[in-house]
Every structure is written in structure tokens, then in C-alpha cells.
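Numbering-wise, full-length UniProt numbering puts 200 at position 200 of the sequence shown, and it's gapless, one number per residue.
Heads up, the beta-carbon is just placed ideally off N, CA and C, and yes, glycines get one too.
Written out below as C-alpha cells is the structure these notes cover.
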Amino acid sequence: MQKPSVLIVGAGIAGIACAQALHRAGVSARVIDRGHKPGGRMASRTVNGRTVDLGAAYFTAEPGSGFADVVAGWVGHELARPWTDTIAVAGPDGIQRSSTGPMRYAAPGGLRGLVVDLARGIDVEQGVTVEQVAAGEVDGQRYDTVVLAMPDPQARRLLDAASTLREKLDDGSGWGPSIAIVLEWASREWAPFHAAFVNDSPDLSSLADDGDRRGDAAPVLVAHTSAALALKHLDDPDGAIVPVVDAVRRLLSLKDAPVQSFAYRWTFARPTAQHAEPFLLDDGIAVCGDAWGERSSVATAWASGDALGQAIAAR
């Protein structure tokens with residue numbers, strides 16, 4: 001008998017976690033992705049000769065969870081490290097207080113490297129574009145199951161117009177955009193902080209000290225814009241740099257402007273509402289990701305992909 005085959009579209013952490021779960025169960029799985037490297041929204045880019053995290057700022061792991069075991073492996077191999085349990089809370093004019101919560105983990109080599117590590121032993125092909133997905137079929141090629149490991153709006157666009165699954169997926173109105181702005185100074189001029197949530201700002205939603213989280217003390221900050229500012233500049237991400245620079249300098253009371261900057265657009269940065277189920281699986285098509293679970297996070301994305309892989313294998 002022919003072995004069951006699964007095609008996973010999307011090489012972010014959800015897609016790779018799904019592939020690993022299938023691999024453990026002895027089910028053949030292939031991962032394809034239109035990007036150049038695995039990672040998805042755990043993206044890292046080389047900016048001015050240095051790796052910078054542009055997507056997720058960090059990740060957490062619930063003690064005793066399957067993802068905690070994965071994280072322990074990363075920490076043991078020095079791919080990840082405990083970063084901080086304290087996050088600043090800021091307003092438009094400065095940091096107001098700090099909030100203590102679960103340990104946040106960072107990756108000295110960039111978060112993308114963690115997905116690459118998780119993908120070891122998996123058949124992953126990059127630079128592949130998919131046009132249309134029907135039940136058990138991708139661009140005319142048959143599979144037992146097709147997994148769309150991506151944001152709802154992107155998955156919905158790939159589905160055949162007659163698919164009943166389309167109505168179970170968000171059309172994009174429930175997802176917020178963001179633009180990541182990398183800002184490099186000549187030297188570290190700000191008071192120490194790890195990362196900050198920014199409230200009531202028309203331009204900023206969060207700010208992270210990338211030199212602090214990477215552990216190399218580089219004078220680099222990564223800001224994520226508000227959804228409102230991102231919407232204004234989706235076609236021109238660089239247009240968001242000036243208002244973000246002004247907002248960051250005001251927030252941290254910085255005298256000098258950054259010496260270099262870089263903008264990266266996330267059209268579907270995060271869901272504004274979550275699916276109650278851990279994944280969608282019906283009629284030979286499945287969807288998983290960080291929108292499938294209690295809250296949007298790296299841990300949720302991994303858990304969604306892992307649970308889906310186990311469910312497909314059980315079939």
C-alpha cells in the first residue's frame with residue numbers, strides 16, 4: 001500500500017511542529033514555503049551586518065507543556081536563553097511602570113534559528129508558491145491531507161471558491177497589521193529596559209531592546225507600529241520610519257536620532273480574536289497556527305501544529 005502523504009504549506013513554527021508530529025508517527029510529510037528560509041513570523045533578518053528579530057519579540061513556555069520540553073532542548077543547546085520576566089509598560093511620553101509575568105525567552109542567534117533547528121530531519125522546500133488548494137489537492141497534485149500553516153486570510157485566499165472551509169476562516173478583518181522598524185544608534189543612550197508595551201500611542205504598540213535580548217549590547221531597538229499607522233503605510237513601509245523615530249525618541253527621552261533604520265511590513269501580524277479549537281481539519285484540508293488556541297503566541301502556534309500532526313496521524 002502507498003504510504004499516506006501530507007503536504008504542509010508554510011514553514012513557520014506551526015507548520016514545522018505539525019511535520020515533526022507526523023514524522024514521529026511515521027507519516028510522510030513534506031513542507032513547502034514561498035520564503036527563502038523557514039521561520040514565518042519568527043523572522044530574523046541581517047540588517048547592517050547583524051541579525052535582528054523582526055517578528056515575535058520573544059516567547060514563553062508553560063511549565064509541564066510539550067512546548068516547554070522543546071524549549072528546554074533549545075536552552076540546553078544554547079540556541080535559546082531565559083531573557084526576562086519583567087516588561088515595561090509605557091505611554092506615549094515615557095515608561096510608566098513595569099509588569100512581572102512569565103519568563104520570556106530569546107534566541108542569541110535570532111528566533112528564526114529555532115525554527116530551522118526544529119526542522120531538522122524534515123523535508124522542507126523553500127521558494128515554492130502555491131496558487132490553489134482543493135480537497136486533498138494542491139495545484140493539481142494529490143495528497144491525503146493538505147495543511148495550511150498560515151494566517152486565516154492567507155489560507156482563505158488559497159482555497160477553492162467552492163470550499164465550505166472558507167467561511168470558517170477570517171477574511172482579514174480580524175487580523176491587525178504591523179510594521180517592524182529597526183533603529184540603530186551610534187551608542188546606547190537610553191536607560192536600561194528589556195521591552196515595553198506602549199499604550200495609547202497612535203504610532204507604537206511595542207518596543208524591544210534587541211541588543212539586550214540578543215545579549216550583545218548592540219545599540220539597536222526594534223519597534224512595532226500600531227495597527228493604525230501600519231494601515232497607512234502598507235504600500236510604503238519606509239513611510240512609517242519618521243513617526244516611529246519621533247515616538248521612540250520622545251518615549252525614551254533620546255537627544256540624538258538613530259544613525260540607521262529599516263522597515264519590514266507584516267500585513268497579518270496577529271489575530272484580534274482566537275478560534276476556540278486548536279486547529280481546523282475537514283475534507284482533506286487542515287489549518288493551524290497562532291490563531292488556534294487561547295491566545296496568539298509562539299507557544300500556541302507550536303501547540304496547534306503539534307496537535308494537528310497528531311490528529312492527522314491518528315486518522
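If you follow the beta strand (DSSP E) that I285 is part of, which residue opens it and which one closes it? To locate residue 285, count along the sequence shown from 1; it is residue 285. Run containing I285: 285-288, per the beta strand (DSSP E) assignment.
Same chain, Cβ closer than 7 Å to D282, neighbours up to 5 away in sequence not counted: Locating residue 282 in the sequence shown gives position 282, counting from the first residue. L165.
Could you tell me which of A276, E294, R295, A301 sits nearest to C288, measuring between CA atoms? Locating residue 288 in the sequence shown gives position 288, where the first residue counts as 1. When only C-alpha atoms are compared, the closest one is A301.
For R50, tell me which candidate among P82, W266, V222 has the shortest Cα-Cα distance. Indexing the sequence shown from 1 puts residue 50 at position 50. It is V222 whose Cα lies nearest to the Cα of R50.
Hey, S173 and P219: beta-carbon distance below 8 Å or not? On the sequence shown, position 173 is the one that residue 173 refers to. On the sequence shown, position 219 is the one that residue 219 refers to. Not in contact: S173 and P219 (Cβ atoms no closer than 8 Å).
Would you identify the three-state DSSP class for G64, choosing helix, strand or coil? Here residue 64 refers to the residue found at position 64 of the sequence shown. It is coil, neither helix nor strand.
Beta-carbon proximity list for G176, same chain, < 7 Å, skipping 5 on both sides: Numbered from 1 along the sequence shown, position 176 holds the residue referred to as residue 176. A227, A269, R270, T272, listed in sequence order.
Mind checking R315: buried by the 16 CB within 10 Å criterion, or exposed? As a first step, residue 315 must be located in the sequence shown, where it is residue number 315. Looking at its Cβ environment, which holds fewer than 16 other Cβ atoms inside 10 Å, R315 is exposed.
Expected contact under 8 Å - CB spacing of R34 and G113 to nearest Å: Along the sequence shown, one-based indexing puts residue 34 at 34. Along the sequence shown, one-based indexing puts residue 113 at 113. No, R34 and G113 are not in contact; Cβ-Cβ is about 20 Å, not under 8 Å.
By alpha-carbon positions, which one of T60, P82, T129 ends up nearest to V31? For the purposes of this step, residue 31 is identified with residue 31 of the sequence shown, where counting begins at 1. Ranking the options by Cα distance to V31, first place goes to T129.
Residue closest to V242, alpha-carbon to alpha-carbon, out of L229, P63, A299, A276: Working through the sequence shown from its first residue, we reach residue 242 at position 242. Of L229, P63, A299, A276, the residue nearest in Cα terms is L229.
Beta-carbon gap between P38 and A119 smaller than 8 Å: Here residue 38 refers to the residue found at position 38 when the sequence shown is read from its first residue. Here residue 119 refers to the residue found at position 119 when the sequence shown is read from its first residue. Cβ atoms of P38 and A119: closer than 8 Å.
Tell me Y264's beta-bridge partners as DSSP assigns them. Along the sequence shown, one-based indexing puts residue 264 at 264. Looking at the DSSP assignment, Y264 forms a beta bridge with A180.
Contact defined as beta carbons within less than 8 Å: I believe F59 pairs with A303. What is the distance between those atoms, to the nearest angstrom? In the sequence shown, residue 59 corresponds to position 59, counting from 1. In the sequence shown, residue 303 corresponds to position 303, counting from 1. Going by Cβ atoms, the distance from F59 to A303 rounds to 12 Å, so no, they are not a contact pair.
Just checking, does the segment 190-207 make contact with the segment 247-256 on the three C-beta pairs under 8 Å criterion? yes
Measure the beta-carbon distance from V116 to D160 and round it to whole angstroms, keeping in mind my assumption that it falls under 8 Å. Here the question's residue 116 lines up with position 116 in the sequence shown. Here the question's residue 160 lines up with position 160 in the sequence shown. With a beta-carbon spacing of about 32 Å, V116 and D160 fall beyond the 8 Å limit used to define contacts.
Pair every Cβ in the segment 97-107 with every Cβ in the segment 77-88, then say whether three or more of these pairs are closer than 8 Å. yes
When you compare only the Cα positions, how much space is there between P237 and L280? The residue given as residue 237 occupies position 237 in the sequence shown. The residue given as residue 280 occupies position 280 in the sequence shown. Distance between the alpha carbons of P237 and L280 is about 33 Å.
The alpha helix (DSSP H) that contains S98, what's its start and end? In the sequence shown, residue 98 corresponds to position 98, counting from 1. Here S98 belongs to no alpha helix (DSSP H); instead the beta strand (DSSP E) covers 94-106.
Given a cut-off of 8 Å on the beta-carbon distance, is the pair V124 and L183 in contact? Here the question's residue 124 lines up with position 124 in the sequence shown. Here the question's residue 183 lines up with position 183 in the sequence shown. Contact: no.
Would you mind giving the Cβ-Cβ distance between R81 and W266, rounded to the nearest angstrom? I have them listed as a contact below 8 Å. Within the sequence shown, residue 81 is the residue found at index 81, counting from 1. Within the sequence shown, residue 266 is the residue found at index 266, counting from 1. Actually they are not in contact, since the Cβ atoms of R81 and W266 sit about 25 Å apart, beyond 8 Å.
If I follow the unbroken alpha helix (DSSP H) through S304, where does it start and stop? The count along the sequence shown starts at 1 and reaches residue 304 at position 304. S304 -> alpha helix (DSSP H) spans 298-314.
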